[in-house]
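Residue numbers (my numbering), protein chains in the order written: chain Y, 0 to 108; chain E, 18 to 671. Okay, so here's the structure we're looking at.
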Amino acid sequence: MRKEGDGATELSVTEIQTLTRILMKRQAALSLRVAAVFVVLLVAIPLLNLYASSVMATPVGPFSLTWLIVGILFFPLTWVLSTYFVRQSERIESETSDAQALLKGSVTK
Amino acid sequence: MIQLIPLLFVILIVVATVTLGVWSTRKSQTASDFFVAGRQVSVFWNASAISGEYLSAASFMGIAGLIMKNGYDALWYPVGYAAGYLFLLLFIAGPLRRFGAYTIPDFAEGRFDSVGFRKIAVIFVLFIGFFYTMPQMKGAGVTMATILNWPYWAGILVVGTVITFNVAVGGMKGITIVQAFQYWVKVFAISLPFFVLASVLGLSATTVTDNLEQPKVVPTLIEATTVKVNGKDKAPSNVLALSSVGQTKLTFPEGAEIAALTTVVKLKPGQHLPPVMGDLNGQPVLGTTKTLSLKPGDVFSASVFSLLDDNGQPIVEQGKTLKTNVKLEFEKAAKVSMAEGTSVPNAPANSKWTNPYGPLTSKWGYPVLYTFSLIIALVCGTAGLPHILVRFYTNPDGKAAKKTTLWVMVMLGGFYVFTPLWGLLGRSIIPSLYASGGFDSLVIKLPTLLPDKTMGLVLSGVTSAGAFAAFMSTFSGLLVSMSGAFAHDVYGKIIRPDASPESRLLAFKIAAVVVGIVSMLLGLLVESYDIAMMVGWAFAIGAASYFPLLLLGAWWRGLTKYGAAAGMLVGGTLSLLAIVTSMLLDRKVLTMNLPPLTRALMEQPAIWGVPLSIFLMVVVSKMTSDRLPPHVDLKILRLHAPEEMGVGKNYIEG
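In structure tokens, the structure reads:
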């Protein structure tokens, strides 16, 4: 895609690797952060069903609280988490590409 | 009774699918333009196609039925099926697309430079694939039995043959547009009939609050009903557990053989049956009765009774007298008639159904463990489905792969949110399914109970078409990836590496026919299993084999092929063995006296299978750390570097 990158201005494998290592670390941290929220929810709901069963059985509209959370609200919740993840992950990637472009610039000059 | 209108809908969807397939194969040039034109369009249609392939008979028919049967606990199925994509998104979708691997065997070979490892990966494509095709076949059998009154095997034979033929002649190969179309058919078919039903029957039919106010109540029959109960050959579905709430009167129009007469509550040592358990045509049925032979027209009445202690006194536990009722196990299939208002046999009481830790997870007495194991299987297993990962190749790059996954989650959520509502409708409108065990036919049967018969048949036609779209798309997708594995990996790489493209294509066609036939045969064996549970098992096997491979393979530099193979083989095979043994025990093919904890862990193995697999991968990789694949750093680079950096082009291929 990038025509201007051809020729003598290419970065070395080591430089690319360093960039990617930083990228991977940031991506992994992001993935783990989102996964942690998700896992906490998945662990908390069954435990609340066990230890706070009367609270979770409170009627809310036509459902009980726990039925509402698991049967209806859980879906939009995963959408929120994944939207956040995709936005952040795109930001990290474009920052990495920018850094690459900067480095390339410094090589030409 | 043949239902003409639903049949027309089914024919329509089959014709539309085949026509669309043929049309887009001919115009494949245009179709590919269609998908790469502009990122927005492409992401949207890709997501529709992935969702279309993913929503199988388990999603369309199985979940609603499983929720009607078991209540709250089964809600974890739709949640897990949809939420599993979050793990796929967070850890796997982007790297897998960037790596350029289209199938797991491709990934396995590319990541470790090992043809041998490809073979192991192929075995699991087939294991998981066959586990996943069984419930699709059951979906076909049940749908045809409901619409046309065909025997179960006939539906499987006809539908299985049509789809297999279609795939073998190339009608479904890699056609994104057909899968995308079928997603929208399914969403329409699950939502529109629901709105009509809820507005005609009243929203009160879809609430759980009434259940909470009357915890002990069991659904009662709305009209006099005759159901067919299966025989011993279809155990465990040959049972009628009579309600512990009130009197139950059963009439046997054609007689029946009762192989075992027991109680709903299992007797513990020191507990005894009362002298009389019920009456047969006015004659007492004694507590010592073990079997019954019923003549046509016999009437059996049972009322709730107390269990007695060694001194013949009623047993009191926690201030309550221990009461139960009779459980009948049928030798052969038989018809049973019940009057209007009868408390339905096999139906859990409101409180058990509405609240967590009900009949599904409490089956072996370890409800919390069971729930967590189920959640792990569903959430991790999504990443291990061979026919789904293939679909990610249609994304132009890793960024689009992530966006597509996000859209898939939105589309799946929009579908799954309706399934619990169908389960609720089922419990209030068609409780006779508890007695007959035909939960998987819920979405097709329920609309026919509308007061307006024509409208009912039209809506049943819509749900039948949705069911067809569901098992057609998933079964076709599985056939393609399994036959592809045979033709490409087994034949092309292992048996005859020098095979010409023509002979590979022939191998694909032969493989499709063989896989199709085996799937149909397996489908015949599983009539008594719930569709959604079987798919859950396929997930459990995927979770313990492919999920750790992809997760560690994408993120951990130190994974060696020995570690990956050890974890996958041991974790995946043990999970598979546990599930198969558990199925054979249920069907009483095997008889072993295992402790309930073992049974629970065998039925839901993910809670030990996934950690075991990951543990072995790490330990064996550490032991063989001198055998890292060559160029491992470049491989990791390729998995993670954004396409704009030009890594694939300039640093790997060059």
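The C-beta atom is built at its ideal place from N, Cα and C for all residues, glycine as well.
query, result
"Length of the line joining the Cα atoms of residue 137 of chain E and residue 586 of chain E", "8 Å"
"Enclosing alpha helix (DSSP H) for residue 650 of chain E [first to last residue]", "649-657"
"Reduced DSSP secondary structure (H/G/I, E/B, other) of residue 267 of chain E", "strand"
"Terminal residues of the alpha helix (DSSP H) in which residue 369 of chain E lies", "367-371"
"Distance CB(residue 44 of chain Y)-CB(residue 79 of chain Y) smaller than 8 Å", "no"
"Counted within 10 angstroms of its Cβ, other Cβ atoms place residue 610 of chain E as buried (16 or more) or exposed", "exposed"
"Where residue 70 of chain E falls, given that 16 or more other Cβ within 10 Å makes a residue buried", "buried"
"Where residue 465 of chain E falls: helix, strand or coil (DSSP)", "helix"
"DSSP-derived helix/strand/coil call for residue 5 of chain Y", "Residue confidence is low: residue 5 of chain Y scores 44 on pLDDT, short of 50, so the model does not pin down where it sits. Its coordinate-derived value is still stated next. In the structure shown, residue 5 of chain Y sits in coil (DSSP, three-state: anything other than H, G, I, E or B)."
"Residue 69 of chain Y: contacting residues in chain E (beta-carbon distance under 8 Å)", "89, 92, 93, 96"
"Within the stretch 493-524 of chain E, ranges of the alpha helix (DSSP H) (whole runs, at least 4 residues)", "none"
"Endpoints, the alpha helix (DSSP H) within which residue 210 of chain E is located", "193-218"
"Whether residue 596 of chain E touches residue 557 of chain E by CB criterion (8 Å)", "yes"
"Residue nearest to residue 97 of chain E in terms of C-alpha spacing, selected from Y:19, Y:73, Y:82", "Y:73"
"Cα-Cα separation between residue 160 of chain E and residue 433 of chain E, rounded to whole angstroms", "20 Å"
"Those residues which DSSP pairs with residue 355 of chain E across a bridge", "E:242"
"Nearest-angstrom beta carbon gap, residue 402 of chain E and residue 145 of chain E [assumed within contact, 8 Å]", "7 Å"
"Selection of the stretch 78-97 of chain Y by Cβ proximity to chain E, strictly under 7 Å", "78, 80, 81, 82, 84, 85, 88, 89, 92, 95, 96"
"The stretch 100-107 of chain E / the stretch 525-535 of chain E touching (three or more Cβ pairs under 8 Å)", "no"
"Nearest candidate by alpha-carbon position, reference residue 40 of chain Y, set Y:100, Y:65, Y:13", "Y:65"
"Under 7 Å by beta carbon: chain Y residues contacting residue 392 of chain E", "41"
"Short-range partners of chain E found in the stretch 22-34 of chain Y, where Cβ spacing is below 9 Å", "22, 23, 26, 27, 29, 30, 31, 33, 34"
"Same chain, Cβ closer than 6 Å to residue 583 of chain E, five either side skipped, listed in chain order", "633, 637"
"Chain Y within 8 Å of residue 572 of chain E, Cβ atoms only", "yes"
"Residue 10 of chain E, buried or exposed, once every other Cβ within 10 Å from all chains shown has been counted against 16", "Any property of residue 10 of chain E remains undetermined from this structure, which presents chain E solely from 18 to 671."
"Any chain E beta carbon closer than 8 Å to residue 17 of chain Y", "no"
"Same chain, Cβ closer than 6 Å to residue 561 of chain E, five either side skipped, listed in chain order", "588, 589, 592, 626, 627, 630"
"Assigned secondary structure, residue 133 of chain E (DSSP; H/G/I helix, E/B strand, else coil)", "helix"
"Minimum C-alpha distance to residue 391 of chain E - residue among E:374, E:405, E:407", "E:374"
"For residue 121 of chain E, the three-state DSSP class (helix, strand or coil)", "helix"
"Residue-chain proximity (residue 426 of chain E, chain Y), Cβ-Cβ < 8 Å", "yes"
"Chain E within 8 Å of residue 102 of chain Y, Cβ atoms only", "no"
"Close beta carbons around residue 387 of chain E, own chain, < 6 Å, minus the five adjacent residues each side", "378, 617, 621"
"3-residue-minimum beta strand (DSSP E) runs that sit fully inside the stretch 245-315 of chain E, ordered along the chain", "256-258, 265-269, 273-280, 293-297, 300-303, 309-311"
"Beta strand (DSSP E) segment containing residue 345 of chain E, residue limits", "343-347"
"C-beta neighbour in chain Y for residue 56 of chain E, strict 8 Å", "At residue 56 of chain E, the pLDDT of 42 sits below 50, so the modelled position is not reliable and the matter cannot be decided from this model."
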